[in-house]
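Asker: Residue numbers (the UniProt record's numbering): 1 to 865.
For each residue, glycine too, the CB sits at the ideal point set by N, CA and C.
Mind looking over this structure? Questions follow.
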């Protein structure tokens, strides 16, 4: 409104009247202007009145209206001819708009009061817009040119906007918001925001933006100040996230429940619950934390960058439109130098600034790449320029860099670039997965599953960095006090790979391990051994006699010094020979057992020696039915000592007709027994060195004789029987008298068989011989042929050794058949039964029915007789 008022006493109305000093005068004054009385109404309260009175006064230049009384308290100064103040309770109204609500203060020109029936607003400034959709908002506070406010919110500053969503007036105070600063903004139908600072944006639910260009806009309204409705709304939002906190110049929290604190600190739009704390710090994926100048927690995948580029294109299109608008408004300002036009330039400038910032943030986002293929959630970077760009990575320290998944980099310029890698110490660098470097300047650790401890310590790659490569050790060879090399083995524990090691120094700069407790000592122990344990071992060895020692043939103990042997009595207290030429010749050196009396002259038992033969050798099986001397790689070393087990498992094979029957070992018993028709005899020489085994044939009778010349058979004779005599029948054979139990020769048996025979002859039994029959008794011997023939009207069938006779069904040359007193005689004129009749014949003629004289045929048909 920018009017200048002064208050004068109006004698006509007996009241104080505010008049404008900018009004034109109808007459002359010293300054060539007079105070033109604008139409105002001023009501003052007198402390002397029991009741407060209101004077509604119309001032139209030199015309003043009459005074009216009203019990309501009100101060109203209105511009315009004959304007009347609307009656309201406890209000102050200095405006060209006569509308004011109860309990409100409205001071300014062209205030757009869109509220309906609500109270308690404080609006101070020209072209303020109050009230939201439906005109139900109230209890608002707006101060500043072109400010906007709706609801119980606060909007302070040119173009400031506080437009909450809750329209319940005094019932919506819990959702109230605050926008303080030129073109700062909260709301846009969102509740509870706080924006403090030039062009600060907190236009999402519960968000906070404090600082110049802080926050991230959801939509930006480049508007004029006349209607407050004209202009451009840029809806390609930078962020829609609620509950964000942005504190610092250009700080931008862009994801739900994220926090950005510091100049240029940002969180991404895709990582909720993130925290960026520090100048230009960045927290990108869920639950990430970046704390420190230029700290980076998380990174963008390629798929994320596709979305970023798409949004960039949209924002750049909006920016081009905003810049065109700004250029146009700046040109208009050259010809229209008004507060309204300047407001439009300011609003367009704010839009360009906001869009430029959104684009700059996205272009920076493209430079933050994830180190792996997984989402970089839960990353934490703390320290100047620290970076944690993989899932669950932790970076602590100035320029610390954790790029491996679940890696940890702690210390100035530390690097942990592999999965689960840990680097702790200034300038340490771990690129081997699951490896740990603890100490400053461990500049390279590339092997996996390794541990390097201490400043300047080095990794071990092959034989580089240590005396030996990391490898499985199965045995060790050392030189004994007695001189020769000794190889021992049976070690437990082996590295899984070449990276399984701990390095605590570097070649030439090794470290000692101090305060090491004694480790367990047994065959399965993999504990470290401390010095006291080694001392105890050496003390025991020093005081313990050796079970096997070198001696000469006389039994004197020898010690090898260099490549020569000396008697112990010829050595000084340092173990050196008193005379190097007093050595014992090598051919006189033998290995002897040192017995419990610590001497080598009394024999002693030697146990726990490895076997050599099957059954005695570890992992082998003793032979049972047969054995074979091992060959090839399993062949025993013939210079090895034999164990009792070797002796007990040595033996020979027993077979039967080339079939293995038994493996005979020492102390086994081989029993020779009598067989059928044989007898065994075992005799041993008197010196006990040779046993003789003799088998004799046992003769049961005198059929055979056995002597030194061998076995002889007593043979007898067989004679054919030519006539029946007692039990002997002709055709049989019989031994000669006295030869019954003797053995027959093959020839005698053959002759006996050839001369034995059986008899064949003919006889009648109810029948008769044929004409010309000659009955004789024939002898049938081995090899003779007997022929069975069939006579007339007789059939013969042979089935192997069976011969069957039967009567031919068609008889020929038969004259009669008789039996049971009746004879059938076949004559040329016919068959005669000798007067006998034939009975029991079955009738075969058709049956004649007497009643109808019909005949029933055999097939059942009936015909006339």
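Which one of 714, 718, 697 has the shortest CA to CA distance from residue 708?
Answerer: Looking up residue 708 in the chain shown gives position 708. In terms of CA proximity to residue 708, 697 leads the group 714, 718, 697.
Asker: Just to confirm the assignment, what range does the beta strand (DSSP E) spanning residue 735 have?
Answerer: As a working note, residue 735 is residue 735 in the chain shown. Here the beta strand (DSSP E) through residue 735 covers 733-735.
Asker: Measure the alpha-carbon distance for residue 290 versus residue 442 and round it to whole angstroms.
Answerer: For the purposes of this step, residue 290 is taken as the residue at position 290 of the chain shown. For the purposes of this step, residue 442 is taken as the residue at position 442 of the chain shown. Roughly 25 Å between the two C-alpha positions.
Asker: Determine, using beta-carbon pairs with one atom in the stretch 613-626 and one in the stretch 585-594, whether at least three such pairs fall under 8 Å.
Answerer: The answer is no - the stretch 585-594 does not touch the stretch 613-626, with fewer than three Cβ pairs under 8 Å.
Asker: Comparing alpha-carbon positions, which option in 169, 293, 129, 103 lies nearest residue 109?
Answerer: For the purposes of this step, residue 109 is taken as residue 109 along the chain shown, with counting starting at 1. Considering only alpha carbons, the answer is 129.
Asker: Can you give the Cα-Cα distance for residue 582 and residue 467, rounded to whole angstroms?
Answerer: The residue labelled residue 582 in the question sits at position 582 within the chain shown. The residue labelled residue 467 in the question sits at position 467 within the chain shown. Distance between the alpha carbons of residue 582 and residue 467: 40 Å.
Asker: Just to confirm the assignment, what range does the alpha helix (DSSP H) spanning residue 807 have?
Answerer: Here residue 807 refers to the residue found at position 807 when the chain shown is read from its first residue. Here residue 807 belongs to no alpha helix (DSSP H); instead the beta strand (DSSP E) covers 802-807.
Asker: Of all the options 278, 854, 363, which has the alpha carbon lying nearest to the alpha carbon of residue 308?
Answerer: Your numbering for residue 308 matches position 308 in the chain shown. Closest option to residue 308, Cα to Cα, is 363.
Asker: Rounded to whole angstroms, what's the CA-CA distance from residue 734 to residue 718? Just pull it up for me.
Answerer: As a position in the chain shown, residue 734 is number 734, starting the count at 1. As a position in the chain shown, residue 718 is number 718, starting the count at 1. Their Cα atoms are separated by approximately 5 Å.
Asker: Between residue 71 and residue 119, what straight-line distance do the alpha-carbon atoms span, to the nearest angstrom?
Answerer: Translated into positions along the chain shown, residue 71 becomes position 71. Translated into positions along the chain shown, residue 119 becomes position 119. Any answer about residue 71 is weak, because its pLDDT of 40 lies below 50 and its placement is not dependable; what the coordinates show is given next. About 19 Å.
Asker: For residue 835, which of helix, strand or coil comes out of DSSP?
Answerer: Translated into the one-based positions of the chain shown, residue 835 becomes position 835. Three-state result, residue 835: coil.
Asker: Would residue 794 and residue 811 qualify as a contact pair, given that the criterion is a beta-carbon distance under 8 Å?
Answerer: Here residue 794 is taken as the residue at index 794 of the chain shown, counted from 1. Here residue 811 is taken as the residue at index 811 of the chain shown, counted from 1. In this structure, residue 811 does not lie closer than 8 Å to residue 794 by Cβ.
Asker: What distance in whole Å lies between the Cβ atoms of residue 440 and residue 427, which are believed to be in contact at a cut-off of 8 Å?
Answerer: Here the question's residue 427 lines up with position 427 in the chain shown. Here the question's residue 440 lines up with position 440 in the chain shown. Right, their Cβ atoms sit about 6 Å apart.
Asker: Are the stretch 240-250 and the stretch 139-146 touching, with three or more C-beta to C-beta distances below 8 Å?
Answerer: no
Asker: Please report the straight-line C-alpha distance between residue 376 and residue 449, rounded to a whole angstrom.
Answerer: Taking the first residue of the chain shown as 1, we reach residue 376 at position 376. Taking the first residue of the chain shown as 1, we reach residue 449 at position 449. The C-alpha of residue 376 lies about 23 Å from the C-alpha of residue 449.
Asker: Quick check: the Cα distance between residue 497 and residue 472, rounded to an integer number of angstroms?
Answerer: Position 497 of the chain shown holds residue 497. Position 472 of the chain shown holds residue 472. Going by the C-alpha atoms only, they are around 9 Å apart.
Asker: Quick one: Cα of residue 712 to Cα of residue 706, how far?
Answerer: The residue given as residue 712 occupies position 712 in the chain shown. The residue given as residue 706 occupies position 706 in the chain shown. When only Cα atoms are considered, residue 712 and residue 706 end up about 6 Å apart.
Asker: Considering Cα atoms alone, identify which of 754, 835, 799 is closest to residue 782.
Answerer: Counting from one through the chain shown, the residue named residue 782 turns up at place 782. For the options 754, 835, 799, the alpha carbon positioned closest to that of residue 782 is the one of 754.
Asker: So if DSSP puts residue 704 in a beta bridge, which residue, or which two residues, is it bridged to?
Answerer: One-based indexing of the chain shown puts residue 704 at position 704. Secondary-structure assignment with DSSP links residue 704 through a beta bridge to 713.
Asker: Please name the residue, chosen from 769, 478, 784, that lies closest to residue 756 on a Cα-to-Cα basis.
Answerer: Taking the first residue of the chain shown as position 1, residue 756 is located at position 756. Check the Cα spacing between residue 756 and each of 769, 478, 784: the tightest is with 784.
Asker: Considering Cα atoms alone, identify which of 402, 191, 205, 180 is closest to residue 198.
Answerer: Your numbering for residue 198 matches position 198 in the chain shown. Of 402, 191, 205, 180, the residue nearest in Cα terms is 180.
Asker: Any contact between the stretch 294-305 and the stretch 334-343? By contact I mean 3 or more CB pairs, one from each, below 8 Å.
Answerer: no
Asker: Does the pairing of the stretch 327-335 with the stretch 400-416 give three or more beta-carbon distances under 8 Å?
Answerer: Short answer: they don't touch.
Asker: Please identify the residue among 743, 730, 728, 723 whose C-alpha is closest to the C-alpha of residue 716.
Answerer: The residue you call residue 716 lines up with position 716 of the chain shown. It is 743.
Asker: What does a CB cutoff of less than 6 Å around residue 430 pick up in its chain, not counting 5 residues either side in sequence?
Answerer: Numbered from its first residue, the chain shown carries residue 430 at position 430. The residues are 416, 421, 423, 437, 445.
Asker: Please report the straight-line C-alpha distance between residue 656 and residue 662, rounded to a whole angstrom.
Answerer: As a first step, residue 656 must be located in the chain shown, where it is residue number 656. As a first step, residue 662 must be located in the chain shown, where it is residue number 662. Approximately 9 Å, taken between the alpha carbons.
Asker: Once you ignore the five residues that flank residue 432 on each side, which residues in its own chain have a CB closer than 7 Å to its CB?
Answerer: By one-based count along the chain shown, residue 432 stands at place 432. Cβ within range, chain order: 418, 421, 445, 446, 447, 448, 450, 499.
Asker: My guess is that residue 295 and residue 383 are in contact by the Cβ rule of under 8 Å, so how many angstroms apart are they, rounded?
Answerer: Position 295 of the chain shown holds residue 295. Position 383 of the chain shown holds residue 383. The Cβ separation is near 6 Å, so the contact holds.
Asker: Spatial neighbours of residue 511 within its chain, please: C-beta separation below 7 Å, excluding the five flanking residues on both sides.
Answerer: Mapped onto the chain shown, residue 511 falls at position 511. These residues qualify, in order along the chain: 454, 504, 505.
Asker: Leaving aside the five residues before and after residue 556 along the sequence, list all residues of the same chain whose C-beta is less than 7 Å from its C-beta, in chain order.
Answerer: Indexing the chain shown from 1 puts residue 556 at position 556. These residues qualify, in order along the chain: 567.
Asker: Is the beta carbon of residue 470 less than 8 Å from the beta carbon of residue 495?
Answerer: Walking along the chain shown from the start, residue 470 turns up at place 470. Walking along the chain shown from the start, residue 495 turns up at place 495. Cβ distance < 8 Å, so residue 470 and residue 495 count as in contact.
Asker: I need the straight-line Cα distance from residue 797 to residue 765, nearest angstrom please.
Answerer: Here residue 797 refers to the residue found at position 797 of the chain shown. Here residue 765 refers to the residue found at position 765 of the chain shown. Straight-line Cα distance between these residues: approximately 22 Å.
Asker: Nearest-angstrom Cα distance between residue 767 and residue 759?
Answerer: Sequence index remark: in the chain shown, residue 767 carries index 767 (1-based). Sequence index remark: in the chain shown, residue 759 carries index 759 (1-based). Taking the straight line from one Cα to the other gives about 22 Å.
Asker: Can you give the Cα-Cα distance for residue 627 and residue 651, rounded to whole angstroms?
Answerer: For this step, residue 627 is matched to residue 627 along the chain shown. For this step, residue 651 is matched to residue 651 along the chain shown. Residue 627 and residue 651: Cα-Cα distance of roughly 8 Å.
Asker: Between residue 366 and residue 305, how many whole angstroms is the CB-CB distance? I'm expecting something under 8 Å.
Answerer: On the chain shown, position 366 is the one that residue 366 refers to. On the chain shown, position 305 is the one that residue 305 refers to. Their Cβ separation, rounded to whole angstroms, is 6 Å, which keeps residue 366 and residue 305 in contact under 8 Å.
Asker: Going by alpha carbons, who is nearest to residue 752 out of 777, 729, 721?
Answerer: Residue 752 sits at position 752 when you count from the first residue of the chain shown. If we check each option's Cα against that of residue 752, 721 comes out closest.
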